[in-house]
Every structure is written in structure tokens, then in C-alpha cells.
Amino acid sequence: MIGRTFFATLALAVPSALAAQNVAEVQVAPPAVTIRVGERSGLLATAFDRIGNVIPTVRIIWSSNNLNVAKIDNNGTVTGVANGVAIIEARVGARRGQAAIQVTGGASAAPPPAPPAAPPAAPPPPPGPDPYLGQPAGTGPAAALRLDPGVVYLLPSENTRVSPRAIKEDGSPAAPVVVTWTSLRPDVASVDQSGNVVALAPGQGTIQVTVAGGLTATAPVVVQQAEFSVREGAQLLLSPGEVDTVHVVVTTQSGRTVNPLVLQWSSTDQSVARVSLGGVVTAAGPGKALLNVSGLLQNKTIEVSVHQVVDKLSVRPRVATEVQVPLTGSAKFEAQALTAENVGVPEAPLRWVVTDPQIATFDAQTGMLTGRAVGKTQLTVRGPGSGLAVTWNVSVIAGSPKFTQSRVGIGLNQRHTLRANYADSLGNALGPATNLTWASDNPQVAAVGEDGTVSGAGYGRAKVTATAPGGKTAVADVYVVGEIVVASNRGFPNTPGKFQLFSVERANLAGLTKLTPATDTVSASDPTFSPDGSRVAYVSLKDGNPEIYVMNADGTGPTRLTTDPQADGHPAFSADGQTVLFHSARTAGKQQIWSVNVDGSGLQPLTRDSVNSAPTISPDGQTIAYVSSRNKDIDIWLMNRDGTNQRQFTRSPQQRESEPHFLRDGTLTYLVERRDANRTVQQVMKADLATGATTAITGTDLAIASFAVSPSGDLVALVVNTKPQDHSHPAYRVYVQPVSSGTPVPLPTTGTEQMITPAFRP
Numbered sequence: 001m002i003g004r005t006f007f008a009t010l011a012l013a014v015p016s017a018l019a020a021q022n023v024a025e026v027q028v029a030p031p032a033v034t035i036r037v038g039e040r041s042g043l044l045a046t047a048f049d050r051i052g053n054v055i056p057t058v059r060i061i062w063s064s065n066n067l068n069v070a071k072i073d074n075n076g077t078v079t080g081v082a083n084g085v086a087i088i089e090a091r092v093g094a095r096r097g098q099a100a101i102q103v104t105g106g107a108s109a110a111p112p113p114a115p116p117a118a119p120p121a122a123p124p125p126p127p128g129p130d131p132y133l134g135q136p137a138g139t140g141p142a143a144a145l146r147l148d149p150g151v152v153y154l155l156p157s158e159n160t161r162v163s164p165r166a167i168k169e170d171g172s173p174a175a176p177v178v179v180t181w182t183s184l185r186p187d188v189a190s191v192d193q194s195g196n197v198v199a200l201a202p203g204q205g206t207i208q209v210t211v212a213g214g215l216t217a218t219a220p221v222v223v224q225q226a227e228f229s230v231r232e233g234a235q236l237l238l239s240p241g242e243v244d245t246v247h248v249v250v251t252t253q254s255g256r257t258v259n260p261l262v263l264q265w266s267s268t269d270q271s272v273a274r275v276s277l278g279g280v281v282t283a284a285g286p287g288k289a290l291l292n293v294s295g296l297l298q299n300k301t302i303e304v305s306v307h308q309v310v311d312k313l314s315v316r317p318r319v320a321t322e323v324q325v326p327l328t329g330s331a332k333f334e335a336q337a338l339t340a341e342n343v344g345v346p347e348a349p350l351r352w353v354v355t356d357p358q359i360a361t362f363d364a365q366t367g368m369l370t371g372r373a374v375g376k377t378q379l380t381v382r383g384p385g386s387g388l389a390v391t392w393n394v395s396v397i398a399g400s401p402k403f404t405q406s407r408v409g410i411g412l413n414q415r416h417t418l419r420a421n422y423a424d425s426l427g428n429a430l431g432p433a434t435n436l437t438w439a440s441d442n443p444q445v446a447a448v449g450e451d452g453t454v455s456g457a458g459y460g461r462a463k464v465t466a467t468a469p470g471g472k473t474a475v476a477d478v479y480v481v482g483e484i485v486v487a488s489n490r491g492f493p494n495t496p497g498k499f500q501l502f503s504v505e506r507a508n509l510a511g512l513t514k515l516t517p518a519t520d521t522v523s524a525s526d527p528t529f530s531p532d533g534s535r536v537a538y539v540s541l542k543d544g545n546p547e548i549y550v551m552n553a554d555g556t557g558p559t560r561l562t563t564d565p566q567a568d569g570h571p572a573f574s575a576d577g578q579t580v581l582f583h584s585a586r587t588a589g590k591q592q593i594w595s596v597n598v599d600g601s602g603l604q605p606l607t608r609d610s611v612n613s614a615p616t617i618s619p620d621g622q623t624i625a626y627v628s629s630r631n632k633d634i635d636i637w638l639m640n641r642d643g644t645n646q647r648q649f650t651r652s653p654q655q656r657e658s659e660p661h662f663l664r665d666g667t668l669t670y671l672v673e674r675r676d677a678n679r680t681v682q683q684v685m686k687a688d689l690a691t692g693a694t695t696a697i698t699g700t701d702l703a704i705a706s707f708a709v710s711p712s713g714d715l716v717a718l719v720v721n722t723k724p725q726d727h728s729h730p731a732y733r734v735y736v737q738p739v740s741s742g743t744p745v746p747l748p749t750t751g752t753e754q755m756i757t758p759a760f761r762p
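All the letters of the sequence shown, read from the start, carry residue numbers 1 to 762 under the working numbering.
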């Protein structure tokens, strides 16, 4: 539509000398307006001389034929009064222009006086072109005329058809009327008596339609050169026998479509593609052809590719069985178009459809179907041609839940949240599991909440089950054990060297609880927890000599890992809990560092020279610290997880370093023994591996034989010889000392009870 700004610009560009010329035409823009009751809209009237020049200095007189419907002021502002149609007229002398105003949103207005001699029906058409062509059927006298379209855009030499619309006061179609067509700028555009408009030259023109009795309507005609393009692009891919239509559009003119009949169409290869006068393309056979569309002083080329005839589809998976897809998981689907000779046709288009996208969605780019909700649906792939379709029955099931941590050890009143993923049939994680139902078979030991959080209630083991929608389950073992485990000879007062494992809480040091089975009467010592707290590795004399064993944290399921006549000792778990480090003199009688899997397989040495012992591994699993006497001194050494890059960490000939233990933050603690004046003192130190800076975490007033530190570094358990002067009969007890206060508290003992080798739960 040509708006107020366009006409105003034209008016300003015309010399004032034209004002004296006679007015040949008055145009009102826009020619048709729909407004609501009480709403206002601006109209613009422009006067033209007989050769189409704008006359800017004229006085416009405005009027409405029905003030009960719409009124207008001297500035061309129309106001809606009541429902109905009013004709607004702009007059300059004897010349008039009109606009039809339809008002909605209120009560109907009283109709204006009826025309004095309105015909009851349309007169019979005169000879020649049908004057009613394109007019909708209607009844009753017309109150206004409109043109469709209201504004005509054309390229030079292009033509189009404009249709008149006779309307009644309420806006509904009136009876068809006989109209007369006129072009007010015949040098720009012509119009015949059927409403066919032909663009003759660039410029601004106007076509006018009139009816006997005075009704008039106009439409601006804008003729301007512009580039046209093909809406479908420069390439078409078709299947044999497929029909498609090519559309030529003018993007700069609101993307309007050019009448294909004013263009010339041709194909370079009729055996591949044929094209009609209306731009309809028919794929005749496999191959490539060029379509040429020309006219209006322009030319465009479209490449048409017609693929081979597709006879069948090859698909995966097989269609015969239902395809099960885990909830939130995905399954791969493939389809290939083939000729009758089983030749692939990769360019053949395939269409994929999921019957119920609420159940599953499909990505045609990746071929992945993803389960969204539990239920059944179908996936269909369609090839080119009739009958080429394959349909799979798909069932979205709740995937099997799989715990990220299927074993865990916790303490009394400690909480831990179990996490689970949905997994496919191969155990691959598909994503976080939701809508699980939780249960514990022993809530007196470990209770579980609705979110999978378990709480330690009593010592022992509980099995926590997570059940997914559909009934599939996963089970996690939860072990509740004391924070500190020590070896004590309690129960064997007459056998000082016979120890069993007990656990205790820092809040109740007197509450020692037996950990090793009651039936186990042989000596057990050197306990160490797995990183998840669910296992304990220890040294046992069950088979006559010290061997490495692993048991559940509640004392059940002891399993021997090593078998050798030489003594094995000081076990330590790897960071992933899958291997155990220990020292053994099984090779040439010299103690070395060894590694073995938790199932007893994969035994291998990590050191091979000097004498090495007491391994421990960093929380990130990358560094092993151990004790070595390589330089004829007892120092702490470091090496990589696989035994490479062995390097000395402490260098102190005047003192001995032993018992290394990593803390959770990666710092290293160890025991230092040195001479101080006339006595030997022991002290626990903490060192930063990166800088070597050390800090003392105990004093020097206790005869410390070994120690353990809580993972957070806030509590230290010290093995103290309470009779350091009696070398024949040492008396070992365990003291617990908060690092911050430095006040050691002994674990209560009975009689001659001795305690050694403490360890902290992770």
C-alpha cells in the first residue's frame, strides 16, 4: 500500500508553479480503511494534473456520505462513529477522490437515505468482456467500491488482474455491478475493461473503476524495476514421477509472486525434467537438467536432479521385533534407499515420523530416537514413491538403574546420598535416573530417604534398593562402621602378639566394637579403608604367615589377596579402590613395594632395589609415597602410580622419616625420629609436596611408634609405647589427639591390653 509518506514526498518534490494548473485527478490514500468505533485514522488526498504531476497547493474539501458511521475533519482525519460503511470524499473543484471506511465494534448506525433509483438487481451484462468477472456473488445495492489488490506492484512489461468489489453498508458483498476502467497514467500502466493492468514504464500510476451512479474506487500502480528470484532456490531434488511447482517472486516487493504465464519456461533435457507454462516441473527420469525461466528482461536458471528409481528400503534394526528404548536413552535407526539392483540411492529423500512425539522423538540428522516417556509408539520411514514405507514398533521402557557407587561405608549418624543413572543393556550410563523408589532391608543399620540419602543408624550392613518405573532395580551395599579401626589383643590377655580388629567413634572412645568375625581367632592388624569406606584391607596370620586380606567393612567376606612364604604387610588402597599396595620381602629377601588387584590378580612389583616399605597413595591416585633406605638413610621417597619417576622427598641424615600418610587435600604426613639432646624424640610432621614446607602436628613428649591421621587432618591417632625404657616388654596404647588442641586422650584399655595400627574411615 502506498502510504502518506510516499505521497507527501511527491508533493514536496513538485515545483510550486504547477499549483496554477488544472486538477485532472484526486487520489485518496489509503483507498480503504477499517477502523473501530471511536478510533481515528489519517487519510491523504493528492491532486494531479492531466500528465500526472502532483499539484501541491490546492485546497481539499473533505466530506462523508454517512456521518452516522464516520466523520472527517478538514485535515483528513476520519473518526469511527458506528458500525457500517461510509464513503469519504476529497474534492478539489469538480474532481473527486474516494475512500471506503468500514467501522466495526459498535452498534449499527441508521442507514443513509437510499439512492433515489437503486436497481433491484444487476443489469444484464453488455456485449464484450464480462463486466462481472472476478466479482463475488452478493445481493442488494452497492454503497462503495473497493479494488483487490488495493495497491498494485509490477515490473516493467508485467501484467496482472485487479478485481472490483461492490460492498454494502455493513461491509458484505453487494450485487455485482458493471464497472468502467480507466488508467489515470496511461504512460505508466494501461488497464482494459476486464481489469487487466499492464506495466508500460517505471513510475507511479493509478487505475480507476467507476459505476454509473457515481461510485468510484482507485488503486495506485507502482511500476519499478526489481530483481526477481526463485523461491525454491537454485536446486531441486526430485524423485522420478514427482511433480513440483517453481515460484518466481520479487523479494523487494513483499515477496509477491510473479504470474508464471508472463514468463517463458524451458528445460535442457526433457527426458529428465519437463516444465509447463505455469512453472510446474515433472521429473521424467534419472539425471540432471537445467530449467530456464526468463521474461521481464531477466533470466534465472534452476538445476534439477532426478535420482534413480527407488525400489526398496534397507533398514536397521530389523522390523520383525519390537524395539525397546530406555527412558532418556537413545537407539540408532538407519534406512537406505536402493534400486531394484540393490544400488544405493543416497540422494533419495527419506521422511521420518514418530506417531507419538510425547513418547519418543527422532533426529533425522543423527538417526537417533530418544525415549521421553514410558509407553509405546511407532517410528516410520517413507521413501519416494507409493508403498515405500517401513514402520517399527517402539516401546520406551524405564532403563535399568545403575548406581554410580554401589558400595559405601559411612559412620553412625552420618548421611550419604546415593546417585544412580539409567543404563542400557551394556551397562552404559544414559543419564540421571529419576522417579526411583527407595528401600532398605535393614533400616536399623541404614535408613534411606525418598531422595536416596542413607543415614547410619547402627553398625552392620544394609542393602539399599532403588526401583525404577517398570520394576527394574539396583542394589547398593551400605556398611556402617566406626570412624577409627585399631588392632587390639583384647580377649587374648595371655597372648600379647595376637590382635583382632575393633572400631570406635571419637565421641565414645570407650565403645570399642569387634570388627573381625568372632570365629576368627588368629592375629589381624594393619587395617586400611578403601576410598569408599566399604572395604578394609589388613594383614592376617590365618594361613601361618602374614598375608594381605580384604573384607567388607562389617567384617564379612574375608578374601586373601597374597600367598607367599615371605611376610606381606602395610596394605594401602589405590585411589580408585581397585588395587592394593603393600610391602613384601618375597624377592631376594629385600622388602619392596608391590601392587595387587582386589581380586588377587595382577601382582607386580613397583620397586626393585634397596629396601622399601610402607606405601601410601595420594587422593588423586597419581603419586605413591613410601619409605626407602637407598642412600643408607631412612627417608620418604615418591614415585608415579606405575613405579616410574622414583625420587627422594626428604633428605635428613640426622633423622629418620617413616609412616607416610596422605591427607584429603594432598598434603603428606609422616613420622620423624631424631635425637634431641640426650633423648630420642618422635614427632608427626605435615609437608606440602610442591614446596617441601613442613609443619609439626604433634609435640615431642610421646614415644610415638606409628600413627594415623583423619582424612580432613583434624584428628591424629598415635601408637605410643608407654614403657619406652623397657625394651623387652613394650606396652603399646593408642592416643587420640585433636590437631588443634594438642591434648592426647588414650583409648581405654583393660588389664594388659595393647593397641596398635590405627586407621581412619574416609
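Heads up, the beta-carbon is just placed ideally off N, CA and C, and yes, glycines get one too.
Taking the straight line between their C-alpha atoms, what separation do you get for residue i and residue j?
i, j, result
"T361", "V408", "37 Å"
"A340", "G329", "36 Å"
"F760", "S523", "20 Å"
"L663", "S706", "16 Å"
"D424", "L369", "14 Å"
"I88", "I101", "7 Å"
"K376", "I397", "9 Å"
"E753", "P730", "12 Å"
"V486", "P432", "39 Å"
"Q566", "D554", "28 Å"
"V92", "G203", "24 Å"
"Q21", "L291", "Unreliable positioning characterises Q21 in this predicted model, as indicated by a pLDDT of 48, which lies under 50. A coordinate reading is not provided."
"L638", "P660", "10 Å"
"A175", "L145", "11 Å"
"V720", "A703", "5 Å"
"N66", "V246", "48 Å"
"Q253", "V223", "11 Å"
"P127", "T180", "Note that P127 scores a pLDDT of 47, beneath 50, so its modelled location is shaky and nothing firm can be said."
Between which residues of its own chain and residue i is the CB-CB distance below 6 Å, once the five residues before and five after are set aside?
i, result
"T579", "S595, N597"
"Y549", "Y538, S540, P558, R560"
"P764", "For residue 764 there is no data in the structure shown, the boundaries of the chain being 1 and 762."
"A114", "Residue confidence is low: A114 scores 47 on pLDDT, short of 50, so the model does not pin down where it sits. No coordinate-derived value is stated."
"A118", "Reliability of the predicted coordinates at A118 is poor, the pLDDT of 42 falling under 50, and no value is obtained from them."
"Q500", "T516, A524"
"V309", "P240"
"S710", "F760"
"S63", "E89"
Leaving aside the five residues before and after residue i along the sequence, list all residues of the same chain whose C-beta is less than 8 Å from its C-beta, in chain order.
i, result
"P620", "One detail in the question is off: residue 620 reads as Asp in this sequence, not Pro. Excluding sequence neighbours, D620 sits near A575, G666."
"R161", "G134, S194, G195, N196, V197"
"T182", "V191, I207, Q208, V209, T210"
"D714", "P738, V739, S740"
"R647", "W637, L638, M639"
On the DSSP bridge list, what partners appear for residue i?
i, result
"E25", "F48"
"L236", "V304"
"Q298", "G295"
"Y626", "W637"
"N721", "Y732"
"Q500", "S488"
"G375", "V396"
Cutting at 7 Å between CB atoms, please list the residues of its own chain near residue i, excluding the five before and the five after it.
i, result
"T251", "S229"
"S41", "V33, I35, V78"
"S613", "H570, H583, Q591, Y626, V627"
Worksheet item: Curious, which full-length beta strand (DSSP E) runs of at least 3 residues does the region 387–455 contain?
Response: Listed in chain order, the complete beta strand (DSSP E) runs (minimum 3 residues) inside the region 387–455 are 389–397, 400–403, 407–410, 415–417, 420–423, 429–432, 437–440, 446–448.
Fill in: 3 or more residues per run - each beta strand (DSSP E) lying fully within the region 170–230
179–183, 189–191, 196–199, 203–211, 216–223
Discussion item. If contact is defined by three or more beta carbon pairs under 8 Å, each pair taking one atom from either stretch, is the region 159–177 in contact with the region 78–95?
Written reply: yes
Practice prompt. Run through the region 70–113 for me and flag every whole alpha helix (DSSP H) of 4 or more residues, listed as ranges in chain order.
Written response: none
Worksheet item: Can at least three beta-carbon pairs, one atom from the region 602–613 and one from the region 623–642, be found at a separation below 8 Å?
Response: yes
Item to complete: Please determine if the region 230–237 and the region 147–167 are in contact, where contact requires at least 3 C-beta pairs separated by less than 8 Å.
Response: Taking 8 Å as the limit for Cβ pairs, the verdict is that the region 147–167 does not touch the region 230–237.
Item to complete: Would you be able to state if there are at least three C-beta pairs under 8 Å between the region 371–391 and the region 343–362?
Response: yes
Discussion item. Does the region 282–297 come into contact with the region 262–271, if we say contact requires no fewer than three beta-carbon pairs (one atom in each stretch) closer than 8 Å?
Written reply: yes
Worksheet item: Which runs of the alpha helix (DSSP H), 4 residues or longer, sit entirely within the region 304–378?
Response: none
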